[in-house]
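Here's the structure we're looking at; comments come further down.
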Amino acid sequence: MGSTAGGGEPRSPDRESPDRESPDRDAPDRDAPEVAEERLLAEQLSYYRARAPEYDAWFRREGRHDRGPEATAAWFREVEQVRQALDALPLDGAEVLELAAGTGLWTEPLARRAAHVTAIDAAPEMIARNRERLGRLAARVIYREEDLFAWQPERTWDAVVFAFWISHVPAARLDGFLRTVARALRRGGALLFVDALREPSATARDDALPPAEQQVMLRHLDDGSAHRIVKNYWEPEELERRCRAAGLPVTVRRTPTYFLYGTAP
Ligand SMILES: C[S@@+](CC[C@H](N)C(=O)[O-])C[C@H]1O[C@@H](n2cnc3c(N)ncnc32)[C@H](O)[C@@H]1O
Numbered sequence: 005m006g007s008t009a010g011g012g013e014p015r016s017p018d019r020e021s022p023d024r025e026s027p028d029r030d031a032p033d034r035d036a037p038e039v040a041e042e043r044l045l046a047e048q049l050s051y052y053r054a055r056a057p058e059y060d061a062w063f064r065r066e067g068r069h070d071r072g073p074e075a076t077a078a079w080f081r082e083v084e085q086v087r088q089a090l091d092a093l094p095l096d097g098a099e100v101l102e103l104a105a106g107t108g109l110w111t112e113p114l115a116r117r118a119a120h121v122t123a124i125d126a127a128p129e130m131i132a133r134n135r136e137r138l139g140r141l142a143a144r145v146i147y148r149e150e151d152l153f154a155w156q157p158e159r160t161w162d163a164v165v166f167a168f169w170i171s172h173v174p175a176a177r178l179d180g181f182l183r184t185v186a187r188a189l190r191r192g193g194a195l196l197f198v199d200a201l202r203e204p205s206a207t208a209r210d211d212a213l214p215p216a217e218q219q220v221m222l223r224h225l226d227d228g229s230a231h232r233i234v235k236n237y238w239e240p241e242e243l244e245r246r247c248r249a250a251g252l253p254v255t256v257r258r259t260p261t262y263f264l265y266g267t268a269p
């Protein structure tokens, strides 16, 4: 992967209406790299807080995310491939940890099988939607509002799952994050993560992917507002190497177009 640590200037995709951007969007980042990265992560979180009501449209390939029937069919075929990998994990009656749980697209199938799911997310708006989606199943979910860049596990779980989170971890923090996951997973436990391959049609029509050497991209919401986020597209082989170095015996595979996913054991 060609990402650099610490970000760099956000790319401004060609915009037909520049006034949709915030006023200081193009101001150079004069802060120390650590301060700039903290600011970027805060911006990323506030983007997700604001995105909670419209988040599922991305997964369902609706509105700005609709890339035509063929792309949609491929997307859902590949989601099914990942779901089968999830279904193959020994989750029945397990204590499961889900990181960056979001609106519950993955929490729901986890809660159907697990004894309990501990679902962590820093956005209260995401947690509220997750709880609403799960309905009665939410009784099996322990929701925790935590910043994953500060959180440390105080126990171990039988399984750890995180979907579409790893690409939002700054490259320089990835190894530390994976070591945290290794501490959270009981010895011999199960793990699944899924994330995006570098495929332009996976993102909204008005969002351009960051150049390979950058890890910051500009995302838009339905109201046209623009927000900087971290987006790293890892090569499966590199991610597998880093997982193993962190003590996670993960195999990382790719679907034909859209996803990479890692599983253990
Ligand atoms: C791309 S979404 C993935 C949601 C869900 N896993 C899914 O696949 O649908 C990223 C999630 O990370 C959460 N998030 C962002 N920054 C976070 C942080 N610092 N700590 C914990 N969660 C964070 C967002 O609120 C959002 O729910």
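To get my numbering, take the position in the sequence shown, counting from 1, and add 4.
From the three backbone atoms N, C-alpha and C, an ideal C-beta is built for every residue, glycine too.
Values in this document were obtained by computation on a predicted structure and should not be read as measured data.
Cβ-heavy atom distance, residue i to ligand 1, below 6 Å
| i | result |
| --- | --- |
| D151 | yes |
| M221 | no |
| D125 | yes |
| Y52 | yes |
| F181 | no |
| A104 | yes |
| A142 | no |
| L225 | no |
| L49 | yes |
| F263 | no |
| F168 | yes |
| L114 | no |
| L109 | yes |
Delimiting residues of the alpha helix (DSSP H) encompassing residue i
| i | result |
| --- | --- |
| I170 | Where I170 is concerned, there is no enclosing alpha helix (DSSP H), given that its DSSP letter is neither H nor E. |
| R87 | 73 to 91 |
| Y52 | 37 to 55 |
| R137 | 128 to 138 |
| A115 | 111 to 117 |
Span of the beta strand (DSSP E), counted from its first residue to its last, around residue i
| i | result |
| --- | --- |
| V121 | 120 to 125 |
| D199 | 189 to 200 |
| T261 | Segment: none, T261 is in no beta strand (DSSP E) and carries neither H nor E. |
| L252 | Where L252 is concerned, there is no enclosing beta strand (DSSP E), given that its DSSP letter is neither H nor E. |
| E102 | 99 to 103 |
| L222 | 220 to 224 |
| A61 | It is not in any beta strand (DSSP E) - A61 instead sits in the alpha helix (DSSP H) that spans 59 to 63. |
| E149 | 145 to 149 |
| R232 | 230 to 234 |
Straight-line gap, residue i to residue j (C-alpha atoms, nearest Å)
| i | j | result |
| --- | --- | --- |
| Q48 | A98 | 31 Å |
| L141 | E112 | 8 Å |
| D125 | Y52 | 10 Å |
| A212 | S205 | 10 Å |
| L95 | L101 | 11 Å |
| R258 | W238 | 11 Å |
| R24 | G228 | Because R24 carries a pLDDT of 40, less than 50, the predicted location of this residue cannot be relied on, and no value is offered for it. |
| G139 | R55 | 21 Å |
| Q218 | I233 | 11 Å |
| V254 | A230 | 35 Å |
Proximity below 7 Å, CB of residue i to CB of residue j
| i | j | result |
| --- | --- | --- |
| A105 | A123 | yes |
| T160 | E203 | no |
| R183 | A250 | yes |
| R137 | G180 | no |
| L264 | L225 | no |
| F197 | I170 | yes |
| L93 | A194 | yes |
| A61 | H69 | yes |
| M221 | P215 | no |
| R65 | W79 | yes |
Rounded distance between the beta-carbons of residue j and residue i, thought under 8 Å
| i | j | result |
| --- | --- | --- |
| R144 | A118 | 7 Å |
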